[in-house]
Every structure is written in C-alpha cells, then in structure tokens.
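Before any comments, here is the structure.
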C-alpha cells in the first residue's frame, strides 16, 4: 500500500508529540525512572506541568525556556528533540516508501534519535531501546522480505561480533574499556535491519562521524587525545539511519 499525503501529514503533526515522549526517555531511562505513570514535572522545583505547559515546542517558546513556577531554565534539548522527530517524518516521506515501511522507518528513526541523544548526554545506550530494535528489525524483514531474513539474521550476528571484537581488542591493547557493549547491541540491530551487506557501511559512517566530532572539538580548542570520550554510539545511530534509507555502499 502506497503512502498518501494524509498519512504523512498526520505523522508530521504527531511528530513533535512523539518527540516530547522521546525527550522523557532521554532524561529518565538512564536514571531508571518511570517513563509511563509519572507525570511531567519541573526537574528543579518538582511542580507538575499542566497540559498547556507540555505542548511541544510552543510551550517552551511561550515560556521563554523557563519553568512557569520557579523560573528555572528548561533545556533547549526538549524542543530540539521535538522538532527533530518531525523532521524525520518529512525525511522519510520524501523517499517514496510503502505505508508499512514508512511507519517502520519512523519507529526506527525515533528510536535512533533517542539513542543518539542519550549517548551524547550519558555515554550509554539503554538495553530497553537496543534489544527491542533487534527484534523489530528481524520481525519487519520476516514480514516484508522473508527471503532475505537469513542475511539479516547473519547481519545481526556479524554486527555484534564485529563490535565485540573491536571492544576486546581495545581493552587488550589499552588495558581498559573503550567501547561499551551497548555499541555492540546497536550494531546487532543495524545488521538486523540493513542486512550483512550494511554492517560495514554503518561502521564506516559511524567512524567518520565520530572522527568529525573529534575534529570539531579540536577546532573549538578542546584537547583531544586517545583518552577523550567520544559518543561513538551516536555516530553509529546516524550511520544506521543513513544506511537504512540509502542502502550500503558498493552494493547495487
């Protein structure tokens, strides 16, 4: 079934609201806080936010980035994630996907956005996001491209094996952890979605983007050396997204 304007317009309008939930995940998952039952509150004074105070993007702008009760600054991260979630809708809508693949792509994009921001902030990739992403990728391929399932399952195995090998080699050479197992799980998800042919491309994009971040830090005057922490998972998430949308390099 082809994607029609009403469908992607609905997704675009819903995007910022989805982004609002994603920002909750970014803040609460690393702390082990409840993400469903607890109401939204100011992180400074604890005041519960009204319905009008949690309208995506608009409420932050109207309140000038401050809590209406205590005046504490509200991070620009919230509207940025909300806007990014809507941008991902427009991005996916331009690629002529079927309805099923469009919605699957949005779920993927929103999850990768959450993982990338979480990794930048906390240097972790929560299992609550990476593990379901592996299962979702294999389920989607089994439904939409059953003949390719074996190659995507092998891609998942290859992804986790490759990153685990890199992490083991780094620890053997440096005597300390350099890559978390979250990166390996994310690469397993990348392999499950993009297939064994996509694993190398995801890793290449991730490495290039991470090196780009290191270069920008150096240009900004920050000291960058082998001990400087770089959120590699964020680079992998971006590489995963690009490979899913445009396919692996060197493959027709």
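Numbering (the numbering used here), first residue to last: -4 to 247.
Backbone N, C-alpha and C fix where the C-beta goes; we use that ideal spot for every residue, glycine too.
This structure is a prediction, so every number in the text was calculated from the model and none was measured.
> Residues bridged to residue 43 by DSSP?
Replying inline: What you label residue 43 is simply residue 48 of the chain shown in a count that begins at 1. Paired residue(s): 36.
> Just reading off the alpha helix (DSSP H) that residue 31 is part of, what are its end residues?
Replying inline: Walking along the chain shown from the start, residue 31 turns up at place 36. For residue 31, there is no enclosing alpha helix (DSSP H), as DSSP marks it with neither H nor E.
> According to the neighbour-count rule (16 or more other Cβ atoms, all chains shown, within 10 Å of its Cβ), is residue 200 buried or exposed?
Replying inline: Indexing the chain shown from 1 puts residue 200 at position 205. Burial call: buried.
>> Threshold first: 4 residues or longer. Then list the alpha helix (DSSP H) segments lying entirely within the region 190 to 246, N to C.
In response: Segments of the alpha helix (DSSP H) lying fully in the region 190 to 246: 191 to 214 and 227 to 241.
> What are the start and end residues of the alpha helix (DSSP H) that includes residue 100?
Replying inline: What you label residue 100 is simply residue 105 of the chain shown in a count that begins at 1. Here the alpha helix (DSSP H) through residue 100 covers 94 to 117.
>> Checking 8 angstroms against the spacing of the C-beta atoms, do residue 108 and residue 76 come in under that value?
In response: On the chain shown, residue 108 is found 113 positions in, with the first residue counted as 1. On the chain shown, residue 76 is found 81 positions in, with the first residue counted as 1. For residue 108 and residue 76, yes; Cβs fall inside 8 angstroms.
>> DSSP three-state label for residue 68, please.
In response: As a first step, residue 68 is located in the chain shown; it is residue number 73 there, counting from the start. Here residue 68 sits in strand by DSSP.
>> Applying the 10 Å Cβ sphere with the 16-neighbour rule, what's the burial state of residue 13?
In response: Here residue 13 refers to the residue found at position 18 of the chain shown. By the neighbour-count rule (16 or more Cβ atoms within 10 Å), residue 13 is buried.
> Among 104, 120 and 232, which residue has its Cα nearest to the Cα of residue 21?
Replying inline: For the purposes of this step, residue 21 is identified with residue 26 of the chain shown, where counting begins at 1. Of the listed residues, the one whose Cα sits closest to residue 21 is 120.
> Can you tell me whether residue 207 is buried or exposed, with buried defined as 16 or more other CB within 10 angstroms of its CB?
Replying inline: Here residue 207 refers to the residue found at position 212 when the chain shown is read from its first residue. Exposed, by the Cβ-count rule.
>> Just to confirm the assignment, what range does the alpha helix (DSSP H) spanning residue 122 have?
In response: What you label residue 122 is simply residue 127 of the chain shown in a count that begins at 1. For residue 122, the enclosing alpha helix (DSSP H) has its first and last residue at 122 to 139.
> What are the residues that DSSP puts in a beta bridge with residue 61?
Replying inline: Against the chain shown, residue 61 aligns to sequence position 66. Paired residues: 68.
> Between the beta-carbon of residue 118 and the beta-carbon of residue 3, is there less than 8 angstroms?
Replying inline: To locate residue 118, count along the chain shown from 1; it is residue 123. To locate residue 3, count along the chain shown from 1; it is residue 8. Going by C-beta atoms, residue 118 is not nearer than 8 angstroms to residue 3.
>> For residue 188, count the other beta carbons within 10 Å of its own beta carbon; 16 or more makes it buried, fewer makes it exposed. Which is it?
In response: Taking the first residue of the chain shown as position 1, residue 188 is located at position 193. Buried.
>> Looking at residue 144: is its Cβ nearer than 8 angstroms to the Cβ of residue 137?
In response: Looking up residue 144 in the chain shown gives position 149. Looking up residue 137 in the chain shown gives position 142. Yes, the pair counts as a contact, with Cβ atoms nearer than the cut-off.
> So what's residue 51 in DSSP terms, helix, strand or just coil?
Replying inline: Here residue 51 refers to the residue found at position 56 when the chain shown is read from its first residue. In this structure, residue 51 counts as coil in the three-state DSSP scheme.
> By how many angstroms is the C-alpha of residue 18 removed from the C-alpha of residue 74?
Replying inline: Your numbering for residue 74 matches position 79 in the chain shown. Your numbering for residue 18 matches position 23 in the chain shown. Counting only the Cα atoms, residue 18 lies some 9 angstroms from residue 74.
>> Do residue 10 and residue 80 have their beta-carbon atoms positioned less than 8 angstroms apart in this structure?
In response: Translated into positions along the chain shown, residue 80 becomes position 85. Translated into positions along the chain shown, residue 10 becomes position 15. For residue 80 and residue 10, yes; Cβs fall inside 8 angstroms.
> Taking only runs of the alpha helix (DSSP H) that begin and end inside the region 152 to 192, which ones reach a length of at least 4 residues, in chain order?
Replying inline: Fully enclosed alpha helix (DSSP H) runs of 4 or longer: 176 to 189.
>> According to DSSP, simplified to helix, strand and coil, what is residue -2?
In response: Position 3 of the chain shown holds residue -2. Residue -2 falls in the coil class under three-state DSSP.
>> Going by C-alpha to C-alpha distance, which of 160, 166, 83 and 111 sits closest to residue 179?
In response: Locating residue 179 in the chain shown gives position 184, counting from the first residue. Nearest option by C-alpha distance: 160.
>> In whole angstroms, give me the CA-to-CA distance for residue 66 and residue 60.
In response: Against the chain shown, residue 66 aligns to sequence position 71. Against the chain shown, residue 60 aligns to sequence position 65. A direct Cα-Cα distance of roughly 9 angstroms separates residue 66 from residue 60.
> DSSP three-state call for residue 17: helix, strand or coil?
Replying inline: As a position in the chain shown, residue 17 is number 22, starting the count at 1. In the three-state reduction of the DSSP assignment, residue 17 falls in the helix class.
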